[in-house]
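Quick mapping for you: the protein sequence lines, in order, are chains A and B. Here my numbering is used: the first residue of the first sequence is 24, the next is one more, and so on. Here my numbering is used: the first residue of the second sequence is 24, the next is one more, and so on. Built from N, CA and C at the ideal position, the CB exists for glycine as well.
2 protein chains.
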Amino acid sequence: VNLILLEPDAIVDRHVTLSGAQARHLIEVLRVTSGQDVRIGVIDGAKGVGRITAMLHGSVTLECRLDPEPPPRPDIDLLLALPRPKVMRRLWAQLAALGVGRIVLTNASRVERNYFDAHVLESACYRPLLIEGLQQAQDTRLPEVSVHRRFKVLIEDLLDTLCPGADRFVAHPSAGSAAVAGAWTGTRRALLAVGPEGGWDDYEMRLLEAHGFRPVSLGPRTLRTDTACVALLTALRSRR
Amino acid sequence: VNLILLEPDAIVDRHVTLSGAQARHLIEVLRVTSGQDVRIGVIDGAKGVGRITAMLHGSVTLECRLDPEPPPRPDIDLLLALPRPKVMRRLWAQLAALGVGRIVLTNASRVERNYFDAHVLESACYRPLLIEGLQQAQDTRLPEVSVHRRFKVLIEDLLDTLCPGADRFVAHPSAGSAAVAGAWTGTRRALLAVGPEGGWDDYEMRLLEAHGFRPVSLGPRTLRTDTACVALLTALRSRR
């Protein structure tokens with residue numbers, strides 16, 4: 024943990040008292056002492072510094088000084104065909120750490136229907152994992168998450184509202200695809216679509232291209248969904 | 024699995040008979056039938072096509088046609104401060120899938136000593152994981168692996184032999200570091216050093232810089248070792 028993230032209502036009169044896992048982390052891992060400063064942030068709010076003013080019975084009280092402005096929201100959104108639950112579980116923290124504004128999870132013909140019933144799509148499961156990733160990366164901007172079972176409705180009717188005015192890219196390992204690095208100028212937000220393990224089918228690719236998604240590729244190596252997401256987000260950002 | 028990797032001595036007189044997990048994968052997942060072609064490769068050898076000539080009692084026989092040349096060895100080597108076993112286990116397949124020529128694992132002051140006793144450093148554990156990554160990425164080039172407990176000896180005495188003539192980079196999140204993307208021209212091999220979760224210490228950074236490692240950075244976000252490795256390898260390759 025490189026920054027302690029606090030719930031927006033946790034700071035009262037510039038002070039916060041932590042107990043439970045966050046207090047234990049400060050005491051047992053960071054081995055803080057009274058008077059010491061630690062990096063803090065408010066979920067979807069500003070970053071800052073907390074000075075430890077009291078440590079009592081396993082709780083830790085901090086006096087908070089926050090920056091005037093929150094950090095900017097990450098300028099890439101991800102449209103991801105829902106991977107199997109084990110892979111999705113690994114992805115949450117990594118996506119938050121890399122920085123994405125919104126995570127739009129969708130059905131596709133090569134997505135197994137029962138993936139949508141997984142515990143890992145419940146906010147109670149993924150929110151702590153997103154927060155873990157933000158604390159690792161020292162960010163406060165919690166990705167917005169939505170789950171969509173109808174691909175066509177999502178692409179045709181909802182995406183313009185969910186991700187307005189974005190440059191749209193779809194990862195597709197075909198010969199005609201542009202290299203991911205260099206595809207995005209960075210003047211507008213980006214929306215990156217990543218397909219299921221077996222790829223988007225022809226119908227899905229046609230629908231995506233008809234709605235402005237440009238095919239991009241990392242090259243001939245086929246990567247697992249989680250590795251591909253990290254690599255694609257990194258490559259998309261790499262030339263700005 | 025996008026390609027079936029075979030041991031070099033498995034093909035006899037242009038034919039190979041698979042049993043066990045590989046045969047089960049062909050029969051149960053890929054649902055192959057006699058006469059069908061599947062992508063194959065020989066570990067550290069050529070890729071090619073195998074035509075199924077017989078399926079009997081759960082074994083599958085293929086007639087193999089191999090390319091005249093093996094694919095080129097990946098042109099990046101990785102020098103990695105040994106992460107905790109759970110993270111290292113996740114990394115093997117991802118590194119092989121991304122493509123690295125050599126994985127040099129090293130001690131560092133912020134590496135826990137008992138990480139070196141982990142099962143995950145035994146070839147019997149990591150070789151199947153590397154092969155899994157190669158099969159995912161459709162490559163045959165098994166990364167060479169070496170483990171070093173003495174950092175100074177490794178950097179001063181061994182590295183010139185292990186990774187000769189490479190452009191050297193060290194991931195280091197400081198203000199003076201160059202952006203990873205664009206740092207490497209790609210005219211020579213690259214050797215990328217990635218530190219432990221807490222970073223290289225001052226002594227280690229001085230030793231690395233004295234031996235030609237240039238500091239590079241992905242930006243202000245601090246990433247977990249596995250995410251960082253995937254992102255750094257991708258960004259280093261992204262501008263060639």
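Asked	Found
Anticipated Cβ contact below 8 Å, V203(A) with L259(A), distance rounded	5 Å
DSSP three-state assignment for A213(A), whether helix, strand or coil	strand
Residue from G235(A), H48(A), S240(A) and R244(A) whose Cα sits closest to the Cα of E155(A)	H48(A)
Beta-carbon proximity list for H195(A), same chain, < 8 Å, skipping 5 on both sides	G218, G222, W223, M228, P238, V239 and S240
Residue of V110(B), L231(B), P166(B) and V170(B) minimising C-alpha distance to I178(B)	L231(B)
Sheet register partners of T84(A) (DSSP bridge)	T40(A) and A77(A)
Cut-off 6 Å between Cβ atoms - residues of its own chain near Q170(A), not counting five sequence neighbours on either side	Residue identity differs from the one stated: residue 170(A) is Val in this sequence, not Gln. So the qualifying residues of the chain are L128 and L144.
Status (buried if at least 16 other CB within 10 Å, exposed otherwise) for T208(A)	exposed
Cutoff 8 Å: L231(A) Cβ touching any chain B Cβ	no
Three-state class that DSSP yields for G71(A) in the structure shown	strand
For L152(A) and A116(A), believed in contact at Cβ under 8 Å, the rounded distance	5 Å
V23(A) versus R244(B) - alpha carbon distance	Because chain A in this structure spans residues 24 to 263, residue 23(A) falls outside the shown range and cannot be described.
Residue-chain proximity (G122(A), chain B), Cβ-Cβ < 8 Å	yes
Near-chain A residues of the region 159-189 of chain B (beta-carbon distance less than 8 Å), N- to C-terminal order	Q159, A160, Q161 and D162
Chain-ordered residues of the region 30-54 of chain B with a beta carbon less than 9 Å from chain A	none
Runs of alpha helix (DSSP H) lying entirely within the region 94-162 of chain A, each at least 4 residues, in chain order	108-121 and 146-160
Contacts of S57(A) in chain B (Cβ-Cβ under 7 Å)	Those within 7 Å of S57(A) in chain B number zero; the least Cβ separation is about 24 Å.
Alpha helix (DSSP H) segment containing L185(A), residue limits	L182 to L185
Whole-angstrom distance between I63(A) and I50(A), CA atom to CA atom	15 Å
Delimiting residues of the beta strand (DSSP E) encompassing A194(A)	D190 to A194
Residue-level contact to chain B via CB, L103(A), 8 Å cutoff	no
Beta carbon of R211(A) nearer than 8 Å to that of D180(A)	no
Same chain only: Cβ atoms within 7 Å of D90(B), ignoring 5 sequence neighbours per side	A69, K70 and G71
For L29(A), three-class secondary structure by DSSP	strand
Backbone CA spacing between I66(B) and V24(A) [nearest angstrom]	40 Å
Contact set between T208(B) and chain A, taken where Cβ atoms lie within less than 7 Å	Those within 7 Å of T208(B) in chain A number zero; the least Cβ separation is about 15 Å.
Buried versus exposed, by CB contacts within 10 Å (16 or more), D100(B)	buried
CA nearest to the CA of R96(A), picked from Q45(A), I126(A) and T248(A)	I126(A)
Where L89(B) sits in the DSSP three-state scheme	strand
R164(A) - containing alpha helix (DSSP H), residue span	From DSSP, R164(A) is part of no alpha helix (DSSP H); its letter is neither H nor E.
CB contact below 8 Å: A119(B) versus chain A	no
CB of P166(B) within 8 Å of CB of V123(B), strictly	yes
Short Cβ contact (8 Å threshold) for Y149(A) with V134(A)	no
Partner residues on chain A for T248(B), Cβ-Cβ distance less than 7 Å	Residues of chain A passing the Cβ test: none, with the nearest at roughly 11 Å.
From Y226(A), L28(A), E220(A) and G235(A), residue whose alpha carbon lies closest to that of C252(A)	E220(A)
Where D60(A) sits in the DSSP three-state scheme	strand
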